[in-house]
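**Student:** Protein chains in written order, with the working numbering: chain H, 41 to 405; chain E, 41 to 405.
Got a structure for you, questions after.
So this is what it looks like as structure tokens:
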């Protein structure tokens with residue numbers, strides 16, 4: 041059987057890595073940032089615009105698609121690639137993060153999670169086996185193990201959650217049937233270095249074709265996040281891609297790559313786009329709704345090469361926001377996604393040139 | 041001085057006309073349908089998508105832009121073309137139709153109209169001179185005379201409104217200062233053939249570079265609309281473009297062209313797009329939200345060449361609607377706009393080939 045999922049380390053600069061990960065829908069050149077298409081659409085952006093801004097990997101959410109339109113329907117329509125018309129690599133999460141985010145509307149046991157739908161209050165049951173089955177129906181190239189994301193500051197709770205996550209990873213590996221999907225295990229353990237070390241060792245030992253780091257960017261400080269990445273990095277195998285889940289600012293991407301991360305995803309660029317905020321390549325953000333931009337003829341981020349910045353002024357985008365026009369969300373989302381997608385490409389170039397630390401010194405922490 | 045606004049009649053088939061109208065931002069090949077960009081944006085569609093679907097002329101609304109962001113600001117930003125980044129021909133209405141649509145919040149006299157803003161209730165005063173001044177600040181290629189749109193069934197009221205519209209047209213012609221804008225006069229007169237005849241004669245006598253027919257598609261029957269077009273057509277000069285304002289269904293375009301109309305605009309394609317409805321090339325509409333489309337793998341309108349139909353299934357678009365995703369409005373708007381823009385092009389081809397009546401026999405009334 042062909043191995044669809046070969047990772048090649050193409051260059052290294054300090055701990056920063058440039059690699060290539062083959063998938064049935066094309067190669068991922070890493071570092072890479074994946075736009076999030078929760079309900080099989082990156083909000084306010086067409087697949088043609090996504091391709092135009094340089095996206096290669098797109099993420100979709102199992103919890104949302106299971107509830108609506110249903111994974112069975114997606115399978116009948118030819119799978120997620122065909123349904124949403126994204127011909128490149130796709131990744132689905134396991135639904136774990138969303139289900140645990142439901143708070144009182146979810147109940148966990150060693151078997152799995154019983155939860156109430158946020159759409160109609162109906163009751164559902166996710167287990168590791170069910171999460172894999174749903175993801176096999178959806179048909180993404182990369183699928184994620186079912187994991188428990190816990191309060192990162194409670195050591196005892198984080199320990200139980202990590203142990204449960206490990207047991208569930210074994211069940212996910214056993215439940216998986218498709219050879220054209222890569223299952224990534226997930227390292228948990230909150231902000232606790234001992235737990236993260238144990239979890240990284242366990243997941244590395246499971247020999248999944250890629251490894252994710254979950255449960256970060258959920259309220260901890262940057263220093264805490266960096267400390268965890270520093271603990272995990274030397275334990276993870278060099279010959280597999282590492283995916284830092286749910287992380288997506290300019291600063292976080294640069295500091296993640298500096299600590300050996302290859303893959304990122306986050307809803308932030310599109311959520312900010314719908315909330316009138318622009319990401320800047322130099323870090324930080326700009327609220328385009330602010331009055332000083334009313335007559336500002338410059339682009340959102342001078343020097344940015346995205347469609348929005350090549351075409352429109354801050355004054356125009358501010359007008360769209362004031363007039364509550366949908367186009368503002370589209371244009372800001374395109375800019376924000378381009379900023380992170382292109383930043384990942386810039387980092388790749390720097391790593392291959394051996395100039396990463398110099399090129400990104402302003403953003404490294 | 042160069043005449044920017046030359047109309048050439050390139051072909052005629054019965055009363056249907058194929059022509060070319062030169063403007064400072066390029067030639068309009070007629071018949072043509074103009075998407076409406078009320079607030080300097082065709083809702084949910086980028087200028088790149090508009091160009092891709094074949095749009096040539098775009099309309100914007102003076103009333104809306106005067107209130108927000110203000111015509112003075114648009115002028116300071118380089119004019120409407122530069123502000124909204126539409127490099128092709130633009131048309132602005134005069135604000136008359138919107139101001140009279142405010143009902144109790146507007147008060148008309150021979151001088152003009154005093155009205156309250158729908159945004160903040162502030163009081164404003166439009167006169168023919170002011171409407172021209174604002175449109176000169178906006179800077180569209182084609183600008184419209186300030187007119188009074190009246191209850192089409194009240195003969196006495198329609199007569200007074202038409203007479204006022206004629207007096208205002210004289211004032212608009214006198215007020216106009218820019219040579220790179222074409223001012224179109226507007227024929228009024230409700231559903232009354234005698235008034236429409238007198239109005240067409242008056243406006244034709246004013247020798248404006250184009251002539252619009254206003255006050256239709258406001259509640260009258262199709263038979264009444266067609267009867268008015270039949271009365272007006274022989275009076276209007278053959279060597280100028282005729283613009284039927286606010287009209288935009290497949291059936292209305294075909295029957296307008298059959299009665300000598302060259303230019304159309306309407307908010308319907310984008311409004312329907314935001315309300316889950318698709319226009320069909322054969323006439324009529326489809327509500328994509330309906331349950332039978334849940335597993336329908338065919339495109340919205342089989343045979344349609346738009347991006348939406350070339351790419352996505354009814355099942356996917358129905359899912360986007362159910363999940364309240366903005367992309368549904370974008371994809372349906374693109375399809376609906378393409379349907380009318382492309383229909384106008386098809387009619388042009390048929391007229392030049394002399395096969396219009398045969399090719400559109402199914403839709404002619």
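Think of the CB as a built atom: it goes at the ideal place given N, C-alpha and C, for glycine as much as any other residue.
Quick caveat, the model's predicted, so the values are computed rather than measured.
Would residue 179(H) count as contacting chain E if we go by Cβ distances under 9 Å?
**Tutor:** Answer no: the Cβ-Cβ gap between residue 179(H) and chain E never drops below 9 Å.
**Student:** Closer than 7 Å, Cβ to any Cβ of chain H: which residues of the stretch 314 to 326 of chain E, in chain order?
**Tutor:** Answer set for the stretch 314 to 326 of chain E: empty.
**Student:** Figure out for me which residue from 156(E), 130(E) and 53(E) has the closest Cα to the Cα of residue 80(E).
**Tutor:** When each option's Cα is compared against that of residue 80(E), the closest is 130(E).
**Student:** For the stretch 90 to 102 of chain E against the stretch 114 to 131 of chain E, do three or more pairs of beta-carbon atoms, one drawn from each stretch, fall closer than 8 Å, so that the two count as touching?
**Tutor:** Yes, the stretch 90 to 102 of chain E is in contact with the stretch 114 to 131 of chain E.
**Student:** Applying a beta-carbon distance threshold of less than 8 Å, which residues of chain H neighbour residue 352(E)?
**Tutor:** Ordered by position in chain H, the residues that pass the 8 Å Cβ test against residue 352(E) are 125.
**Student:** Closer than 9 Å, CB to CB, is residue 303(E) near chain H or not?
**Tutor:** No, residue 303(E) does not count as interfacial toward chain H.
**Student:** Taking only beta carbons into account, state which residues of the stretch 365 to 382 of chain E come closer than 7 Å to chain H, listed in chain order.
**Tutor:** The stretch 365 to 382 of chain E vs chain H, Cβ under 7 Å: 365, 366, 367, 369 and 370.
**Student:** Which whole-angstrom value describes the C-beta separation of residue 267(H) and residue 117(E), a residue pair presumed to lie in contact below a C-beta threshold of 8 Å?
**Tutor:** Not really, about 48 Å apart at Cβ, beyond 8 Å.
**Student:** In chain E, what lies closer than 8 Å to residue 108(H) by C-beta?
**Tutor:** The answer, in chain order, is 359, 362 and 363.
**Student:** Starting from residue 325(E), follow its DSSP beta bridges and name the residues at the other end.
**Tutor:** Looking at the DSSP assignment, residue 325(E) forms a beta bridge with 319(E).
**Student:** Got a sec, what are the start and stop residues for the alpha helix (DSSP H) residue 172(E) sits in?
**Tutor:** Where residue 172(E) is concerned, the enclosing alpha helix (DSSP H) stretches over 168 to 178.
**Student:** What is the rounded straight-line gap between the Cα of residue 334(H) and the Cα of residue 359(H)?
**Tutor:** Cα-Cα distance, rounded: 7 Å.
**Student:** Is residue 164(H) close to chain E? Criterion is C-beta to C-beta, closer than 9 Å.
**Tutor:** Not an interface residue.
**Student:** Taking C-beta pairs closer than 8 Å, name the residues in chain H that residue 312(E) reaches, listed in chain order.
**Tutor:** Per Cβ cutoff of 8 Å: no residues; residue 312(E) is ~15 Å from chain H at best.
**Student:** Can you tell me whether DSSP reads residue 307(E) as helix, strand or coil?
**Tutor:** Coil at residue 307(E), not helix or strand.
**Student:** Could you tell me which whole alpha helix (DSSP H) segments of length 4 or greater appear in the stretch 223 to 296 of chain E?
**Tutor:** Qualifying alpha helix (DSSP H) stretches, in chain order: 233 to 245 and 262 to 272.
**Student:** What would DSSP say about residue 199(E), mapped onto helix, strand or coil?
**Tutor:** Residue 199(E): helix per DSSP, three-state reduction.
**Student:** Taking the CB atoms as reference points, tell me whether residue 166(H) and residue 137(H) lie closer together than 9 Å.
**Tutor:** Cβ distance not < 9 Å, so residue 166(H) and residue 137(H) don't count as in contact.
**Student:** Using a Cβ-Cβ cut-off of 7 Å (strictly less than) and excluding sequence neighbours within five positions of residue 151(H), which residues of its own chain qualify?
**Tutor:** Hits under 7 Å: 167.
**Student:** Residue 257(E) to residue 250(E), Cα distance in whole Å?
**Tutor:** Cα to Cα, the separation comes out at about 20 Å.
**Student:** Would you please verify whether the beta carbon of residue 222(H) is less than 9 Å from any beta carbon of chain E?
**Tutor:** Not one chain E Cβ lies under 9 Å of residue 222(H).
**Student:** Evaluate residue 332(H) with the Cβ neighbour count: other Cβ atoms within 10 Å of its Cβ, from every protein chain shown; 16 or more gives buried, anything less gives exposed.
**Tutor:** Exposed, because fewer than 16 other Cβ atoms sit within 10 Å of the Cβ of residue 332(H).
**Student:** Using the beta-carbon count (16 or more within 10 Å), is residue 309(E) buried or exposed?
**Tutor:** Classification for residue 309(E): buried.
**Student:** For residue 103(H), return the contacting residues in chain E, with the cut-off set at a CB-CB distance below 9 Å.
**Tutor:** Here the premise fails: no neighbours, minimum Cβ distance about 13 Å.
**Student:** Please state the DSSP three-state secondary structure of residue 367(E).
**Tutor:** If DSSP states are grouped into helix, strand and coil, residue 367(E) belongs with the helices.
**Student:** Apart from the five residues just before and just after residue 377(H), which ones in its own chain have a Cβ nearer than 6 Å to its Cβ?
**Tutor:** Around residue 377(H): 75, 93 and 309.
**Student:** Whole angstroms are fine: how far does the CA of residue 387(H) sit from the CA of residue 281(E)?
**Tutor:** If I take the Cα positions, the gap works out to 56 Å.
**Student:** May I ask you to list the residues that DSSP assigns as paired with residue 147(E)?
**Tutor:** DSSP output for residue 147(E) lists 154(E) as bridge partner(s).
**Student:** For a contact meaning CB atoms closer than 7 Å, what does residue 81(E) contact in chain H?
**Tutor:** Simply 360, 365 and 367.
**Student:** Which runs of the alpha helix (DSSP H) spanning at least 4 residues fall entirely within the stretch 326 to 360 of chain H, listed in chain order?
**Tutor:** Within the stretch 326 to 360 of chain H, the complete alpha helix (DSSP H) runs of at least 4 residues are 347 to 351.
**Student:** In the DSSP output, which residue or residues are listed as bridge partners for residue 75(E)?
**Tutor:** 306(E), per the DSSP bridge assignment.
**Student:** Pick out whichever of 272(E), 287(E), 301(E) and 153(E) has its Cα sitting closest to the Cα of residue 259(E).
**Tutor:** The option with the nearest alpha carbon to residue 259(E) is 287(E).
**Student:** Output the boundary residues of the alpha helix (DSSP H) element that contains residue 113(E).
**Tutor:** Residues 111 to 116.
**Student:** Examine chain E for any beta-carbon lying closer than 9 Å to the beta-carbon of residue 85(H), and answer yes or no.
**Tutor:** It does; some Cβ of chain E falls within 9 Å.
**Student:** Quick check on residue 241(H) - is its C-beta less than 9 Å from some C-beta in chain E?
**Tutor:** Judged by the 9 Å Cβ criterion, residue 241(H) is not in contact with chain E.
**Student:** Tell me which same chain residues have a C-beta within less than 8 Å of the C-beta of residue 41(E), skipping the five on either side of it?
**Tutor:** A caution first: residue 41(E) carries a pLDDT of 45, below 50, which makes its placement in the model unreliable, though a value can still be read off. Here the set comprises 219.
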